[in-house]
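Since the structure comes first, as structure tokens, the remarks are kept for the end.
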Amino acid sequence: MTSSFTREQQINSIIGKRQALAKKLSYIRQQLISLNTAIDQMEQRREEIFNSTNNETVRFRLLSIELDRLRQSILTEEQNITRYHSRFARKTLNIGVVGLARQGKSRLLHSLSGLDSNAIPAGPFGHCTGARSTIVHNPALDPRGEIYFYTKDEFVRNVIAPYYSELLDSSPPPATLEEFESRPLPTLPIEKQQSVSARVKYAQLELYKNHLADYKPLLSLTSPKYVPIDTVREYIAQDDAAGQRVFYNYLAVREARVICAFPHENVGDIAFIDMPGLGDTGLVAENWLLSALSNDVDIVLFVKKPSGLGEVWKPQEIDLYDTTRGVLPELPLEMWSFLVMNHVRSSSPNEDNLRNCERLLGEKAEQLKFAGSVIADCSNPDEVKELVLQKVLDYLTQNIERIDYLYVNSLYDRLKGLQNQVKSEMQKAKEALGTVSESTPFNFNSFNRLFRDVIKRVYSGFEQLTKELRDQREIPDASFQEYVSRSQENAYADSGIPSIEEIEDTRNLLGGYKSACEYYLNYNRTHLTQHFESLEEGLSRSVESVKVQLAEVLRNAYQGRLNHLSSNIGTSFLRDVTTQLGDQYPALHPAFEMLIDFKLSYQGFFYYRLRRHLDYLTPDTGMAELSVKPTAKEIQDLLIAMHKIVLENLKDELLYWPIEINHAIFAMIEQFVDKVLRSENALDEWQSFYIENRAKVWPENFQELSVNNGLRWQWLEITERVSTVNKSILTFES
Numbered sequence: 008m009t010s011s012f013t014r015e016q017q018i019n020s021i022i023g024k025r026q027a028l029a030k031k032l033s034y035i036r037q038q039l040i041s042l043n044t045a046i047d048q049m050e051q052r053r054e055e056i057f058n059s060t061n062n063e064t065v066r067f068r069l070l071s072i073e074l075d076r077l078r079q080s081i082l083t084e085e086q087n088i089t090r091y092h093s094r095f096a097r098k099t100l101n102i103g104v105v106g107l108a109r110q111g112k113s114r115l116l117h118s119l120s121g122l123d124s125n126a127i128p129a130g131p132f133g134h135c136t137g138a139r140s141t142i143v144h145n146p147a148l149d150p151r152g153e154i155y156f157y158t159k160d161e162f163v164r165n166v167i168a169p170y171y172s173e174l175l176d177s178s179p180p181p182a183t184l185e186e187f188e189s190r191p192l193p194t195l196p197i198e199k200q201q202s203v204s205a206r207v208k209y210a211q212l213e214l215y216k217n218h219l220a221d222y223k224p225l226l227s228l229t230s231p232k233y234v235p236i237d238t239v240r241e242y243i244a245q246d247d248a249a250g251q252r253v254f255y256n257y258l259a260v261r262e263a264r265v266i267c268a269f270p271h272e273n274v275g276d277i278a279f280i281d282m283p284g285l286g287d288t289g290l291v292a293e294n295w296l297l298s299a300l301s302n303d304v305d306i307v308l309f310v311k312k313p314s315g316l317g318e319v320w321k322p323q324e325i326d327l328y329d330t331t332r333g334v335l336p337e338l339p340l341e342m343w344s345f346l347v348m349n350h351v352r353s354s355s356p357n358e359d360n361l362r363n364c365e366r367l368l369g370e371k372a373e374q375l376k377f378a379g380s381v382i383a384d385c386s387n388p389d390e391v392k393e394l395v396l397q398k399v400l401d402y403l404t405q406n407i408e409r410i411d412y413l414y415v416n417s418l419y420d421r422l423k424g425l426q427n428q429v430k431s432e433m434q435k436a437k438e439a440l441g442t443v444s445e446s447t448p449f450n451f452n453s454f455n456r457l458f459r460d461v462i463k464r465v466y467s468g469f470e471q472l473t474k475e476l477r478d479q480r481e482i483p484d485a486s487f488q489e490y491v492s493r494s495q496e497n498a499y500a501d502s503g504i505p506s507i508e509e510i511e512d513t514r515n516l517l518g519g520y521k522s523a524c525e526y527y528l529n530y531n532r533t534h535l536t537q538h539f540e541s542l543e544e545g546l547s548r549s550v551e552s553v554k555v556q557l558a559e560v561l562r563n564a565y566q567g568r569l570n571h572l573s574s575n576i577g578t579s580f581l582r583d584v585t586t587q588l589g590d591q592y593p594a595l596h597p598a599f600e601m602l603i604d605f606k607l608s609y610q611g612f613f614y615y616r617l618r619r620h621l622d623y624l625t626p627d628t629g630m631a632e633l634s635v636k637p638t639a640k641e642i643q644d645l646l647i648a649m650h651k652i653v654l655e656n657l658k659d660e661l662l663y664w665p666i667e668i669n670h671a672i673f674a675m676i677e678q679f680v681d682k683v684l685r686s687e688n689a690l691d692e693w694q695s696f697y698i699e700n701r702a703k704v705w706p707e708n709f710q711e712l713s714v715n716n717g718l719r720w721q722w723l724e725i726t727e728r729v730s731t732v733n734k735s736i737l738t739f740e741s
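Letter by letter, the sequence shown follows residues 8 to 741 of our numbering.
In structure tokens form, the structure reads like this:
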């Protein structure tokens, strides 16, 4: 990007590109779902074939196809797609803030956002933040808090059940909130009482249990709940400003969003995420941290406030860094993290920590790597703006597209690997049932006798259908005529003519009878045409009816015998045949494609003819004139008269429409039959097509290796379907 763009424009451009990518990811996820569905169907076919054959070679080959492994791989990538989509669908660039307790996270967020501890909790003791919150820059909205609560089911499933799974695995988790409330909490098993971590988490579960009455009503509220910005603390903090543990609402809160205008110019659509760190509020907070880092954060700020007397990198800080690094293995953490050393200024050398900030920055390179690091007084908004915000936003705008490129590339590589995995298994599937048995070689003379009999009946069937359509050309199509008659009846019965009172109201609204008359002429014209829109459906049904008859000639067991090629009928059957014909049949394939695409459109075929009769309901034609001093009754009479004239003039036109479509349908079908019966090489191509599909057409004459031919072709069909969906997964460039 050039320097002529403001940072706000740069960020908006980045978000726009990301959202376009999110749409593509949604499509890919849908393809993965379709792929999984097809593999489920393949599993059913495999079981049917396995149970229908005694051939051990076939059975062994079927079992060697690793469908379960494919399903698991697809599920994994579907979950990955969801994670990627969450990142790119966002309308903000998100900056996460993490750190241990008492390091200055809240002070930093105060300085970045301009908010105080009523919206971003800070306190004098220990851990303060109880629920994850996102602080969004949006000058267009009034400042407010949006509180999202768990539902009762979500709370039991996502909050309480994980504690039981990790700590109380011998006790089933409660199924409902009422069960959690009424059942005594099981004792922590003796073998886990030696673990400090387990005891801390169990204490958190006890907190949920003992204070359920304090927050239970919130689990029934509709989300979000909008609250004044100065009351947000009551929902996300563990204690009040004095450090007293009096708040328990946060136990019911899934997430809070704080909307405000940041006190900085040209920052664009950004948001800050305040996350409880490891150990802040037990197991749930750790899950929050991992989920937010994985899905919701573009760059993370590690905040550390060294002591003025001396400081080292604490093991908990190393653990936090390692946890964060493991969340996105596709991206090196040093590409999307900053270290903020919180500088405490003081005249006392024992309290001022600048020297220890500088020393720890020098020591961190051996084990902790960041995209950048700064020393700043987190309580000083001006210093935070210059040393933290500007530097982080500059880095983001210059590097986020490169980071996203690497991130998406890793997804592309995994999907490519999945495609190859599916391709390999489908190759095994195609070979699983073996080929034509060598003990029953192809007998061309036998085939030729069968083919001549079938093709003679196909020719005869097509010719007979063409003759019937030729004879019916001057006879109205009965089905379509019903649609026409119904449209006429509806147009007469539901004229849309307004009452005298409605005309008077419209005259008062528009300021004159002439304006009211013009309004109703336009309205009635539109209203009348709507009655004829159902002709579109009538045309489709008439065309489809003929396609069904054509398809039946090919499907019929006495004529074309192609019913085993597809279980569909009509256009769907013809489309399946066209797919199997492919480009290697240059005479037949284009003819079938032309037939499939053929349709009669009401808009293109009849509407313009209807329209030329509507001038009587068009104000500018002058056919509907009022007297010098019109009344509502005169307008109503005029509308009735014009409506009647239009419908009377249409009668002769409508009588011919059901005949005309028979002419159009006959012309199309005759052209199709000429192409598939009389064009050069047509007969040779029919012969080749029947040779290729002989086992489907005459299974009793051309048996194949140990498997019922119906099952064999169903197996090959589902194998091809899986392969087709698999090819469509990657629809974007990396």
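Backbone N, C-alpha and C fix where the C-beta goes; we use that ideal spot for every residue, glycine too.
Checklist entry - From this set, 734, 199, 515, which residue's C-alpha is nearest residue 638's C-alpha? => result 515
Next on the checklist: Does the stretch 669-686 come into contact with the stretch 423-440, if we say contact requires no fewer than three beta-carbon pairs (one atom in each stretch) closer than 8 angstroms?
Outcome noted: no
Item to check | With 16 other Cβ atoms within 10 Å as the buried cut-off, status of residue 740 | outcome: Confidence in residue 740 is poor, its pLDDT being 46 and thus under 50, which makes the residue's placement unreliable; the coordinate value appears in the next sentence. That one is exposed.
Checklist entry - Looking only at C-alpha atoms, which of 272, 538, 182, 210 sits nearest to residue 14? => result 272
Checklist entry - Taking C-alpha atoms, which residue in 215, 356, 160, 217 lies nearest to residue 227? => result 160
Checklist entry - If you scan the stretch 347-403 from start to end, which runs of the alpha helix (DSSP H) of 4 or more residues do you find wholly inside it? => result 361-370, 388-391
Item to check | DSSP beta-bridge partners of residue 421 | outcome: Beta-bridge pairing links residue 421 to no other residue.
Checklist entry - What is the rounded straight-line gap between the Cα of residue 308 and the Cα of residue 119? => result 12 angstroms
Next on the checklist: Just verifying my parser: in three-state terms, what is the DSSP assignment at residue 414?
Outcome noted: helix
Checklist entry - Identify the residues that DSSP records as bridge partners of residue 82: which are they? => result In the DSSP output, where bridge partners are listed per residue, residue 82 has none listed.
Next on the checklist: Rounded to whole angstroms, what is the Cα-Cα separation between residue 611 and residue 411?
Outcome noted: 47 angstroms
Checklist entry - Would you report the Cα separation of residue 545 and residue 572, rounded to the nearest angstrom? => result 29 angstroms
Checklist entry - Buried or exposed: residue 596, going by 16 or more other Cβ atoms within 10 Å of its Cβ? => result buried
Checklist entry - Pairing CB atoms from the stretch 665-682 with CB atoms from the stretch 466-481, are three or more of them under 8 angstroms? => result yes
Checklist entry - Given a threshold of 16 other Cβ atoms within 10 Å of its Cβ, counted over all protein chains shown, does residue 287 qualify as buried or as exposed? => result Since pLDDT at residue 287 reaches only 47, below the 50 mark, its modelled position is unreliable, and the value read off the structure follows with that caveat. The residue is buried, with at least 16 neighbouring Cβ atoms inside 10 Å.
Next on the checklist: Give me the residue from 21, 542, 733, 589 with the minimum Cα distance to residue 424.
Outcome noted: 733
Checklist entry - Mind checking if residue 76 is an interface residue toward chain D, Cβ cutoff 7 angstroms exclusive? => result Absent from the structure: chain D. Only one protein chain is present.
Checklist entry - Just checking my contact of residue 324 with residue 107 at CB under 8 angstroms: how many whole Å lie between their CB atoms? => result 6 angstroms
Checklist entry - So residue 78 and residue 46 are in contact, right, with Cβ under 8 angstroms, and what is the actual spacing, rounded? => result 6 angstroms
Next on the checklist: Tell me which residue opens and which closes the beta strand (DSSP E) that residue 7 is part of.
Outcome noted: Nothing about residue 7 can be reported from this structure: the residues present for the chain run from 8 to 741 only.
Checklist entry - In terms of residues, what are the limits of the beta strand (DSSP E) holding residue 308? => result 306-311
Next on the checklist: Mapping the DSSP letters down to three states, classify residue 264 as helix, strand or coil.
Outcome noted: strand
Next on the checklist: Please identify the residue among 53, 509, 391, 230 whose C-alpha is closest to the C-alpha of residue 157.
Outcome noted: 230
Next on the checklist: I need the boundaries of the alpha helix (DSSP H) containing residue 6, first residue and last residue.
Outcome noted: Because the chain here runs from 8 to 741, residue 6 falls outside it and cannot be looked at.
Checklist entry - How about residue 385 and residue 114: are their beta carbons less than 7 angstroms apart? => result yes
Next on the checklist: Tell me the rounded alpha-carbon separation between residue 317 and residue 327.
Outcome noted: 21 angstroms
Next on the checklist: Suppose you measure from the CA of residue 301 to the CA of residue 170; what does that come to, to the nearest Å?
Outcome noted: 22 angstroms
Checklist entry - What residue range is occupied by the uninterrupted alpha helix (DSSP H) comprising residue 271? => result Premise fails: residue 271 is in no alpha helix (DSSP H) and is neither H nor E.
Checklist entry - Does the stretch 230-249 come close enough to the stretch 190-199 that 3 or more CB-CB pairs lie under 8 angstroms? => result no
Item to check | Whole beta strand (DSSP E) elements within the stretch 665-721, 3-residue minimum | outcome: none
Item to check | residue 60 (DSSP reduced to helix, strand or coil) | outcome: coil
Checklist entry - Within the chosen definition, does the stretch 578-592 reach the stretch 552-564 through at least 3 CB pairs nearer than 8 angstroms? => result yes
Checklist entry - What whole-angstrom Cβ distance do residue 414 and residue 367 have, given they're in contact under 8 angstroms? => result With a Cβ gap of about 30 angstroms, residue 414 and residue 367 do not count as contacting.
Next on the checklist: Quick check on residue 580: does DSSP put it in helix, strand or coil?
Outcome noted: helix
Next on the checklist: If you reduce the DSSP assignment to three classes, tell me which class residue 68 lands in.
Outcome noted: helix
Checklist entry - Taking C-beta to C-beta, are residue 736 and residue 38 nearer than 7 angstroms? => result yes
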